[in-house]
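> If you scroll down you'll find the structure; I have some questions about it.
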Amino acid sequence: MEFLPILAVIVIALVFDYTNGFHDAANAIATSVSTRALTPRAALIMAALFNLVGAFLGTKVASTVGSGIIEAPEGDRGLLVVFAALVGAIVWNLTTWYFGMPSSSSHALIGGLVGAAIAASETVKWEGVLDKVIIPMIISPIVGFMLAGLVMYGLLAAFRNANQHKAMRGFRRAQIVSAAAMALGHGLQDAQKTMGVIVLALVIGGYQTGFDVPWWVILLAAGALSAGTYAGGWRIMRTLGRRIVDLDPPRGFAAEATAASVLYTTAFVFAAPISTTQTITSSILGAGATKRRSAVRWGVAGNILIAWVLTIPMAGAAAAASYFLLSAILY
């Protein structure tokens, strides 16, 4: 097979990875910036660095994305399916970024793969989609919300007699650590999704057998995600850091520490490609709700929920449209 189609898929995969980075930069740093634990530029540099490191920590999620979602045919048709899937995911990422909505780049990619496969009349591994995507998509925000609330109640009890000024200063310092942990988890989870798609393309194109991730794929995916993160997603950062709830340092720390823990567990234990966006957003809601129920702007949270629900079908529809358009042009 000619190398040009494979190269085109790798390039568009890295473009998606870059949009993932700037779309989801807010996931790692919005809370620490909003509480003034870090300046925006320092937070972005730290997030980009830890995204890069996190991408090298595992490949289980990449194997799930590459082999567990669709079964595309070998040859140019299969590569067209993957290319269209990535286009659909990019379209949805840019749309939600424009409106400042923290949707899931991970689910946009999954939706793109499913939509393109359906459009091409290829096999979708629905059991894998259910077990590795839909069930974690439902469970992880619930866990994030409840666990962040419990962590925050624990912190309130532990520091109820502490000097408030000293406690707030300490939590701002702790947020530097929790934000780094969150950025590491983002790199661990999200870079692997791009790795999985590139490996899928290599298998379809006959350039490798099996779904082991080559070192150069890890390097490219890590670099693209890190560069995108450094570019920053200020629109979404405002939504996560200020519009949902006014966070203080303890609640920012509780949200970040909780979200990072969920990301590590799902990546290392379950190899599930969960959404970093959903995880941190639900953790922010859980930590914020401990202040008082009215402290959370539930209308904004409702709009975010709508974006979550729409992500897979809308990215799938965009990918299907891309597949039909590209097929008409090329064939």
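Residues in the sequence shown are numbered from 300 upward in steps of one, following the working numbering. Heads up, the beta-carbon is just placed ideally off N, CA and C, and yes, glycines get one too.
Count the other CB atoms within 10 Å of the CB of T576; is the residue buried (16 or more) or exposed (fewer)?
buried
> So A418 and A619 are in contact, right, with Cβ under 8 Å, and what is the actual spacing, rounded?
4 Å
> To the nearest angstrom, how far is the alpha carbon of Y452 from that of L501?
So the alpha carbons of these two residues sit roughly 48 Å apart.
> Return the CA-CA distance between T338 and P401, expressed in angstroms with no decimal places.
Approximately 21 Å, taken between the alpha carbons.
> Check whether the Cβ atoms of S525 and N319 sit closer than 8 Å, and answer yes or no.
no
> Out of A329, V568, I441, V476, state which residue places its alpha-carbon closest to the alpha-carbon of Q488.
V568
> Who does V450 pair with in a DSSP beta bridge?
According to the DSSP secondary-structure assignment, V450 is paired through a beta bridge with no residue.
> Tell me, to the nearest whole angstrom, how far the beta carbon of K492 is from that of P435; I am working on the premise that it is less than 8 Å.
No, K492 and P435 are not in contact; Cβ-Cβ is about 13 Å, not under 8 Å.
> On a Cα-Cα basis, can you pick out the residue from A336, W515, W514 that is closest to R471?
A336
> Is the stretch 552–570 touching the stretch 409–426 in the sense that three or more CB pairs, one from each, lie closer than 8 Å?
no
> Tell me which same chain residues have a C-beta within less than 6 Å of the C-beta of S405, skipping the five on either side of it?
Excluding residues within five positions, the ones whose Cβ falls inside 6 Å are K492, P572, S574.
> Assign E370 to one of three DSSP states: helix, strand, or coil.
strand
> Hey, out of V380, I344, I368, V386, whose CA is closest to L313's CA?
V386
> Throw me the rounded Cβ distance for the I369 and T422 pair, which I believe falls under 8 Å.
Their Cβ separation, rounded to whole angstroms, is 7 Å, which keeps I369 and T422 in contact under 8 Å.
> Whole angstroms is fine: what's the gap from T357's alpha carbon to G601's?
Here residue 357 turns out to be Gly, not Thr, going by the sequence shown. The C-alpha of G357 lies about 34 Å from the C-alpha of G601.
> How about G585 and G443: do their beta carbons lie closer than 8 Å?
yes
> Are there three or more Cβ pairs, one per stretch, closer than 8 Å when the stretch 610–628 is compared with the stretch 378–394?
yes
> If you count every other CB in all the chains shown that lies within 10 Å of the CB of Y317, and 16 or more means buried, which is it?
buried
> Taking the alpha-carbon positions, what's the H464 to S333 distance?
18 Å
> Is it right to say F302 is buried, meaning 16 or more other beta carbons lie within 10 angstroms of its own, or is it exposed?
Exposed, since its Cβ has fewer than 16 Cβ neighbours within 10 Å.
> Report, in whole angstroms, the separation of the C-beta atoms of V496 and V381, which I expect to be a contact under 8 Å.
Contact between V496 and V381 holds: their C-beta atoms lie close to 6 Å from each other, under 8 Å.
> Pick helix, strand or coil for V512, following the three-state DSSP scheme.
DSSP places V512 in coil when its eight states are reduced to three.
> With distance defined between alpha-carbon atoms, name the residue in G427, I603, T578 nearest to L562.
T578
> Flag this pair as yes or no: are the beta carbons of I603 and T589 separated by less than 8 Å?
no
> On the three-state DSSP scale, how would you describe T422?
strand
> Do the CB positions of M445 and A559 come within less than 8 Å of each other?
no
> In the structure shown, what three-state DSSP assignment does G460 receive?
It should be pointed out that residue 460 corresponds to Asn in this sequence rather than to Gly. Looking at N460 - three-state DSSP - the assignment turns out to be coil, as it is neither helix nor strand.
> Taking the alpha-carbon positions, what's the A342 to R376 distance?
In a straight line, the C-alpha of A342 is about 42 Å away from that of R376.
> What are the start and end residues of the alpha helix (DSSP H) that includes M400?
It is not in any alpha helix (DSSP H) - M400 carries neither H nor E in the DSSP assignment.
> On the DSSP letters alone, give me the boundaries of the alpha helix (DSSP H) that T564 sits inside.
548–564
> DSSP three-state call for A336: helix, strand or coil?
coil
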